[in-house]
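Counting from 0, one number per residue, gives the positions in the sequence shown under numbering that gives the first Met the number 0. Backbone N, C-alpha and C fix where the C-beta goes; we use that ideal spot for every residue, glycine too. A quick write-up on the structure given underneath.
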Amino acid sequence: MTADVVPLPRKKPTLEPMLSLTANGMNSVNSVILERMQSEIPLIPRLAGHLISGGGKRLRPMLTLAGAALVGYEGTRHHKLAAAVEFIHTATLLHDDVVDGSELRRGKAAANIVFGNPATVLVGDFLFSRAFELMTEDGSLRVLKILSHASAVIAEGEVSQLTAQRQIETSEERYLHIIGAKTAALFAAASQISAVVAECSDEEERALEDYGRNLGVAFQLVDDAIDYDSDAAQMGKDQGDDFREGKMTLPVILAHARGDEAERKFWKDAILGHRSSDEDFAEAIRLIEKHNALEDTREKARHFAQRAIDAISIFADSKARAAMAEAAQFAVARGY
């Protein structure tokens, strides 16, 4: 007698373990965020709250809290620092939406559409200033150096992406350098500072920094894949934004490199802004799927996610380490 062996379905990774691990700490972080976004100028909390309360994952401040749990830190300094991380992130989003002319952010009208570009830029500046207030209140020059350097690197990454926009010759190497700066730098800093406040060894600090950096690259790779994923269940922005803005992301770089002469001409025209209709976007998706560029982008993301998981293998097995590992797996498996 024989029987077919049916494998048990693999549990899809989620953020739930990370959310559970950091829930109490995030309540404190959210209190700091709410307090520090206030101003006597009513427009400031209104505009900041439009984005801050808009349903983001809050993954970056969660990394600070999770890292602290991983190394057994029992103090509270990391709460204000996690809030500073979220303010830096929010400020960059506000500025990005102005630069990109975005119409949607996290599924609703972007702040620049609701409040206008000047107010959006200035409130972004306000949040950056609040972040630096929180850093200086902590009193650690080491923390201040890490987060201020990350802020500078993020700005450099955004400028680098701007100069690469509509440049069809952008290489995969340059693309990875850009996302390493504009996205992964803050992931790395958010993770690293938890080791600093806990006075960990250099090895442990490097491990947490490596975890965050690799997770950030994986996260951005998937973000860029989602923009061309016709099966994506949810979008936090208009699908096709990257295409219409002429951004050279990895799915495009791969499809262009693998295409024939006619396909490469399509990509050149599209990236230059001459092919931006819904039909053109549908053709872009077809070519990306034809050349397996989405799956290869996600495969590269899996590679970086595994590097993140490997980085924290120096720590003892724990609830915190398991949650951080699953967060890395979630970053790759997500569809939104």
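Please state whether the Cβ-Cβ distance between residue i and residue j is less than 8 Å.
{"i": "residue 220", "j": "residue 307", "result": "no"}
{"i": "residue 238", "j": "residue 211", "result": "no"}
{"i": "residue 325", "j": "residue 60", "result": "no"}
{"i": "residue 167", "j": "residue 290", "result": "no"}
{"i": "residue 104", "j": "residue 92", "result": "yes"}
{"i": "residue 322", "j": "residue 41", "result": "no"}
{"i": "residue 197", "j": "residue 72", "result": "yes"}
{"i": "residue 165", "j": "residue 271", "result": "yes"}
{"i": "residue 76", "j": "residue 124", "result": "no"}
{"i": "residue 265", "j": "residue 282", "result": "yes"}
{"i": "residue 118", "j": "residue 46", "result": "yes"}
{"i": "residue 128", "j": "residue 195", "result": "no"}
{"i": "residue 313", "j": "residue 206", "result": "yes"}
Got a sec? Which residues, its chain only, sit under 7 Å from residue i by beta carbon, not counting five neighbours each side?
{"i": "residue 295", "result": "253"}
{"i": "residue 330", "result": "214, 217, 218, 221, 304"}
{"i": "residue 319", "result": "20, 65, 68, 69"}
{"i": "residue 250", "result": "223, 224, 227, 287, 292, 293, 296"}
{"i": "residue 135", "result": "143"}
{"i": "residue 37", "result": "44"}
{"i": "residue 88", "result": "59, 185"}
{"i": "residue 257", "result": "290"}
{"i": "residue 94", "result": "120, 123"}
Between which residues of its own chain and residue i is the CB-CB distance below 6 Å, once the five residues before and five after are set aside?
{"i": "residue 243", "result": "275"}
{"i": "residue 248", "result": "223, 241"}
{"i": "residue 327", "result": "214, 304, 307, 308"}
{"i": "residue 301", "result": "331"}
{"i": "residue 280", "result": "239, 242"}
Tell me, to the nearest whole angstrom, how far the beta carbon of residue i is from that of residue j; I am working on the premise that it is less than 8 Å.
{"i": "residue 149", "j": "residue 184", "result": "5 Å"}
{"i": "residue 209", "j": "residue 310", "result": "4 Å"}
{"i": "residue 90", "j": "residue 146", "result": "With a Cβ gap of about 12 Å, residue 90 and residue 146 do not count as contacting."}
{"i": "residue 109", "j": "residue 102", "result": "6 Å"}
{"i": "residue 62", "j": "residue 186", "result": "6 Å"}
{"i": "residue 181", "j": "residue 153", "result": "6 Å"}
Beta-carbon within less than 8 Å of residue i's beta-carbon, same chain only, minus the 5 sequence neighbours each way: which residues are those?
{"i": "residue 133", "result": "31, 35, 79, 80, 82, 83, 86"}
{"i": "residue 232", "result": "Caution applies to residue 232, whose pLDDT of 43 falls short of 50 and renders its modelled position unreliable; the value that the coordinates give is listed next. Correct list, in chain order: 334, 335."}
{"i": "residue 98", "result": "157, 161"}
{"i": "residue 262", "result": "254, 255, 286"}
{"i": "residue 204", "result": "191, 194, 195"}
{"i": "residue 273", "result": "none"}
{"i": "residue 316", "result": "none"}
Any idea which residues DSSP pairs residue i with across the strands?
{"i": "residue 65", "result": "BP columns for residue 65 are empty, so no partner."}
{"i": "residue 340", "result": "Nothing about residue 340 can be reported from this structure: the residues present for the chain run from 0 to 335 only."}
### Task
Determine contact between the segment 106 to 121 and the segment 174 to 187, defined as no fewer than three beta-carbon pairs at a distance below 8 Å.
Judged by Cβ distances under 8 Å, the segment 106 to 121 makes no contact with the segment 174 to 187, as fewer than three pairs qualify.
### Query
How do the segment 22 to 34 and the segment 158 to 174 stand: do at least 3 beta-carbon pairs fall below 8 Å, yes or no?
No: fewer than three Cβ pairs fall under 8 Å.
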